[in-house]
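Worksheet for the structure shown next.
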Amino acid sequence: MTPVLPRVNEALGNGLTLRTPAGLDDVERVAALASTVFGPEVGPMMQTLLMRHPSMTWADQLFVENAAGEVVSALCLIPWTWRYGRAEIAVGEMGVVATAVDYRRRGLVRRQVDFFKARLAERGCVLSIIQGIPFYYRQFGYDYALPLEGGWRLELRQAPAAPEAGYSLRRATLDDLPALQALYARAVRGLTIYAVRTPEIWHYLLEPYTTPVADSRQTWVVCAADGAIAGYTRLPEFHFGTELVVDEASLVSASAGVALLAHLRRQAEGAGQPFIRLNLPGSNDLVQLARAFGAASEGTYSWQIFVPDLAALLRAIAPALEDRLADSLYAGLTRDLRINFYRDGLALRFAQGRVQEVTAPAEPGQADLSLPAWAFVPLVLGHRTLDELRFAYPDTSWRGEARLLIETLFPRGEAFLYTVY
Ligand SMILES: CC(C)(COP(=O)(O)OP(=O)(O)OC[C@H]1O[C@@H](n2cnc3c(N)ncnc32)[C@H](O)[C@@H]1OP(=O)(O)O)[C@@H](O)C(=O)NCCC(=O)NCCS
């Protein structure tokens, strides 16, 4: 059954009801569950998301309550917009998934995921992501693609000790927004996939807070001697380890970067933090600089990703695929690319270099590319190459020259998702 949204109110049996919030009282009760399951900083984060985030509505929050009115399980959809080349795509993150201890392993998350997927469709999301615990979400169609958490480790003794002359750091304010937007554009310029930051999202990120919540970050700007902004960084207030974590950084010069590293060293030393971890993509300017000082890669964990409809995803990214063709040996291409997922498949029909349609292939046996459907997602996202996929899944194969066309359409790229909350 397709649930009636945005307001959900469905009896699940045993006195349990699946709902979306109808009032502030419901929001507070959902937040209370989040704090009980994850820690006191997570409930206030939930409340802030539901009350203030520019893209989130109460219809994005599901919860289960018992006959006594206690919230016993919950999960939410946090909306993102991603750039994939020239294309913009709607993405829904499954967030703050929690069930009270006495109600676990009764299928309450499974039931909410059905409604979550209906909400994804209603929002036009072509992708869903989760940062979640290992393995669990595979049962709901999620698999690993795109880097998440990890990065580069810089020992404090490796970082410059003395501040670069002429630079100072201060907390960012909303007046810095134009400079921050320009620096963010600089941080994402080499990335093949990144999050769109509207001014409204920037406002949400920069809102002053007195009590830090789970997603709070300190935003610092690096100022040159004349006061001009020469860089910025964002540091999470909460994370799993004891080190100082940098979640975001952008710079206009190496000297601004040296000033920032010296500041981070002082801040970490002052707080007794053992090292600095740059949770940033390898191409980031601060990573490049930190590597010159000896920073070493720690590798990354990974986002888990679910694609409700592969054809819909390909249609959504068609402008980017057309750009890649136009800039290649396949400019002006007219042909079908037939992809076989064994149970079903897709044909990408190109006419004069444009994506004309994405359909079921006429004859799956005559495929240009054969692979399990879940292996196609990391290929489309530029996270894995054909060779890596064939190494992991021997049932990946392609026909002759189709390999070059596939690599032209889906090259390996560097994706990184600076947060939107
Ligand atoms: C993980 C958690 C959300 C699962 O909630 P739940 O309501 O017990 O989940 P469900 O019962 O709907 O799970 C669906 C299935 O997965 C199984 N399952 C539950 N927890 C599991 C786990 N940690 N690992 C593997 N399988 C698990 C269930 O038995 C059920 O299997 P079935 O369909 O074969 O009966 C809950 O244990 C929890 O709140 N844990 C602490 C917070 C946390 O880690 N949240 C996730 C953050 S991403």
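Under this note's numbering, the first residue of the sequence shown carries the number 4, and numbering increases by one thereafter.
We treat Cβ as the ideally placed atom computed from N, Cα and C, and that holds for glycine.
If you're wondering where the values come from, they're calculated on a predicted model, not measured in any experiment.
TODO: Examine ligand 1 and report whether any of its heavy atoms sits within less than 7 Å of the Cβ of valine 225.
DONE: In the sequence shown, counting from the first residue as 1, residue 225 sits at position 222. No; taking the cut-off as 7 Å, the Cβ of valine 225 has no heavy atom of ligand 1 nearer than that.
Task: Distance between alanine 418 and leucine 149 (C-alpha atoms, nearest Å) - done: Mapped onto the sequence shown, residue 149 falls at position 146. Mapped onto the sequence shown, residue 418 falls at position 415. Distance between the alpha carbons of leucine 149 and alanine 418: 7 Å.
- [ ] Could you pull out every residue in the same chain whose Cβ sits closer than 6 Å to the Cβ of proline 284, ignoring the five residues on either side in sequence?
- [x] Sequence index remark: in the sequence shown, residue 284 carries index 281 (1-based). Cβ neighbours of proline 284 beyond the five flanking positions: Glu417 and Phe419.
Open item on the list: My assumption, with CB atoms under 8 Å, is that alanine 188 sits in contact with tryptophan 85. Please give the rounded CB distance.
Closed with: Sequence index remark: in the sequence shown, residue 188 carries index 185 (1-based). Sequence index remark: in the sequence shown, residue 85 carries index 82 (1-based). Alanine 188 to tryptophan 85, Cβ: 15 Å. No contact.
TODO: Check the DSSP bridge columns for methionine 97 and list the partner residues they point to.
DONE: Locating residue 97 in the sequence shown gives position 94, where the first residue counts as 1. According to DSSP, which records beta bridges pairwise, methionine 97 is partnered with Leu80.
Task: arginine 10 classed as buried or exposed, judged by whether at least 16 other C-beta atoms fall within 10 angstroms - done: Against the sequence shown, residue 10 aligns to sequence position 7. Counting Cβ neighbours within 10 Å, arginine 10 comes out exposed, since fewer than 16 surround it.
Open item on the list: Between the region 62-75 and the region 20-29, can you find at least three pairs of beta-carbon atoms closer than 8 Å?
Closed with: yes
Open item on the list: In the DSSP assignment, the beta strand (DSSP E) including glutamine 64 goes from what residue to what residue?
Closed with: Taking the sequence shown and counting its residues from 1, the one referred to as residue 64 is at position 61. 64-68 is the span of the beta strand (DSSP E), which, as asked, contains glutamine 64.
Task: Supposed contact pair glycine 95 and serine 131 - C-beta distance, whole angstroms, cut 8 Å - done: Taking the sequence shown and counting its residues from 1, one reaches residue 131 at position 128. Taking the sequence shown and counting its residues from 1, one reaches residue 95 at position 92. Correct: roughly 5 Å between the Cβ atoms.
TODO: Measure the C-alpha to C-alpha separation of threonine 5 and alanine 121 and round it to an integer number of angstroms.
DONE: Within the sequence shown, the letter at position 2 stands for residue 5. Within the sequence shown, the letter at position 118 stands for residue 121. Reliability of the predicted coordinates at threonine 5 is poor, the pLDDT of 41 falling under 50, and the value obtained from them is presented with this limitation in mind. Here the alpha carbons of alanine 121 and threonine 5 stand approximately 7 Å from one another.
Open item on the list: Assuming alanine 334 and glycine 356 are in contact, meaning their beta carbons sit under 8 Å apart, how far apart are those beta carbons, in whole angstroms?
Closed with: Within the sequence shown, residue 334 is the residue found at index 331, counting from 1. Within the sequence shown, residue 356 is the residue found at index 353, counting from 1. Yes, alanine 334 and glycine 356 are in contact; Cβ-Cβ is about 6 Å, under 8 Å.
- [ ] For methionine 48, count neighbouring C-beta atoms within 10 Å of its own C-beta (all shown protein chains included) and say buried if the count is 16 or more, exposed if not.
- [x] One-based indexing of the sequence shown puts residue 48 at position 45. Around the Cβ of methionine 48, a 10 Å sphere holds 16 or more other Cβ atoms; the residue is buried.
Open item on the list: Strictly by DSSP, which residues pair up with glutamate 13?
Closed with: Working through the sequence shown from its first residue, we reach residue 13 at position 10. Per DSSP, Leu21.
Task: Residue environment, isoleucine 308, which counts as buried when at least 16 other CB atoms sit within 10 Å - done: Here residue 308 is taken as the residue at index 305 of the sequence shown, counted from 1. Classification for isoleucine 308: buried.
Open item on the list: What residue range does the beta strand (DSSP E) around alanine 299 cover?
Closed with: In the sequence shown, residue 299 corresponds to position 296, counting from 1. 299-309 is the span of the beta strand (DSSP E), which, as asked, contains alanine 299.
- [ ] Return the first residue and the last residue of the alpha helix (DSSP H) that glycine 273 is part of.
- [x] Here residue 273 corresponds to residue number 270 of the sequence shown, with the count starting at 1. First-last of the alpha helix (DSSP H) with glycine 273: 257-274.
Task: Coarse secondary structure for glycine 46, derived from DSSP in three states - done: Locating residue 46 in the sequence shown gives position 43, where the first residue counts as 1. In this structure, glycine 46 counts as helix in the three-state DSSP scheme.
Open item on the list: For a test of the three-state rule: what should DSSP assign to proline 284, helix, strand or coil?
Closed with: As a first step, residue 284 must be located in the sequence shown, where it is residue number 281. Three-state DSSP puts proline 284 in coil, outside helix and strand.
Task: leucine 389 vs tryptophan 377 beta-carbon contact at 8 Å - done: For the purposes of this step, residue 389 is taken as the residue at position 386 of the sequence shown. For the purposes of this step, residue 377 is taken as the residue at position 374 of the sequence shown. No, they are not a contact pair.
Open item on the list: Please return the same chain residues whose Cβ sits closer than 6 Å to the Cβ of glutamate 91, not counting the five positions on each side in sequence.
Closed with: Numbered from 1 along the sequence shown, position 88 holds the residue referred to as residue 91. Only Thr84 meet the Cβ criterion.
Open item on the list: Less than 8 Å between the beta carbons of glutamate 410 and alanine 217, yes or no?
Closed with: Taking the first residue of the sequence shown as position 1, residue 410 is located at position 407. Taking the first residue of the sequence shown as position 1, residue 217 is located at position 214. For the pair glutamate 410 and alanine 217, the CB atoms are not nearer than the 8 Å cut-off.
TODO: Return yes when the Cβ of proline 202 is within less than 8 Å of the Cβ of glutamate 240, no when it is not.
DONE: For the purposes of this step, residue 240 is taken as the residue at position 237 of the sequence shown. For the purposes of this step, residue 202 is taken as the residue at position 199 of the sequence shown. No, they are not a contact pair.
Open item on the list: Please tell me whether glutamate 152 and phenylalanine 278 are closer than 8 Å, where the distance is taken between their beta carbons.
Closed with: As a working note, residue 152 is residue 149 in the sequence shown. As a working note, residue 278 is residue 275 in the sequence shown. 8 Å or more divides the Cβ of glutamate 152 from the Cβ of phenylalanine 278.
Task: Alpha-carbon spacing of tryptophan 306 relative to leucine 382, whole angstroms - done: Here residue 306 refers to the residue found at position 303 when the sequence shown is read from its first residue. Here residue 382 refers to the residue found at position 379 when the sequence shown is read from its first residue. About 14 Å.
Task: methionine 59, buried or exposed, once every other Cβ within 10 Å from all chains shown has been counted against 16 - done: Working through the sequence shown from its first residue, we reach residue 59 at position 56. Buried is the call here.
- [ ] Count the C-beta pairs between the region 287-300 and the region 313-332 that are closer than 8 Å, then say yes if the count reaches three, no if not.
- [x] Counting Cβ pairs under 8 Å, fewer than three are found: no touch.
Open item on the list: Does arginine 280 pass the burial test, meaning 16 or more other C-beta atoms within 10 Å, or should it be called exposed?
Closed with: Numbered from its first residue, the sequence shown carries residue 280 at position 277. So arginine 280 counts as buried.
Open item on the list: Nearest by alpha-carbon distance to threonine 362: which of Asn343, Thr222, Gly234 and Gly230 is it?
Closed with: Numbered from 1 along the sequence shown, position 359 holds the residue referred to as residue 362. Minimum Cα distance to threonine 362 is reached at Asn343.
Open item on the list: Below 7 Å, is the gap between the Cβ of serine 76 and the nearest heavy atom of ligand 1?
Closed with: The residue you call residue 76 lines up with position 73 of the sequence shown. Correct: serine 76 has its Cβ closer than 7 Å to ligand 1.
Task: Close-in-space but distant-in-sequence residues of the same chain around glycine 72 (CB under 7 Å, 5 per side omitted) - done: Locating residue 72 in the sequence shown gives position 69, counting from the first residue. Excluding positions up to five away in sequence, the list is empty.
Open item on the list: Just verifying my parser: in three-state terms, what is the DSSP assignment at leucine 374?
Closed with: Here residue 374 refers to the residue found at position 371 when the sequence shown is read from its first residue. In the three-state scheme derived from DSSP, where H, G and I count as helix and E and B as strand, leucine 374 is classed as coil.
Task: Residues near leucine 172 by beta carbon distance below 6 Å, same chain, minus five either side - done: Start at 1 with the first residue of the sequence shown, and residue 172 comes out as number 169. Excluding residues within five positions, the ones whose Cβ falls inside 6 Å are Trp223, Val225 and His266.
Task: leucine 340 vs alanine 354 beta-carbon contact at 8 Å - done: As a first step, residue 340 is located in the sequence shown; it is residue number 337 there, counting from the start. As a first step, residue 354 is located in the sequence shown; it is residue number 351 there, counting from the start. No, these two residues do not count as a Cβ contact at 8 Å.
Open item on the list: Looking at the strands, I want to know which residues DSSP matches up with alanine 90.
Closed with: The residue you call residue 90 lines up with position 87 of the sequence shown. Alanine 90 pairs with Tyr87.
TODO: Give the single residue among Arg141, Asp178 and Gly127 whose Cα lies nearest to the Cα of isoleucine 133.
DONE: Here residue 133 corresponds to residue number 130 of the sequence shown, with the count starting at 1. Measuring C-alpha to C-alpha distances from isoleucine 133 to each of Arg141, Asp178 and Gly127 identifies Arg141 as the nearest.
TODO: Can you grab the Cα-Cα spacing for the pair leucine 332 / aspartate 288, in whole Å?
DONE: Here residue 332 refers to the residue found at position 329 when the sequence shown is read from its first residue. Here residue 288 refers to the residue found at position 285 when the sequence shown is read from its first residue. C-alpha separation (whole angstroms): 32 Å.
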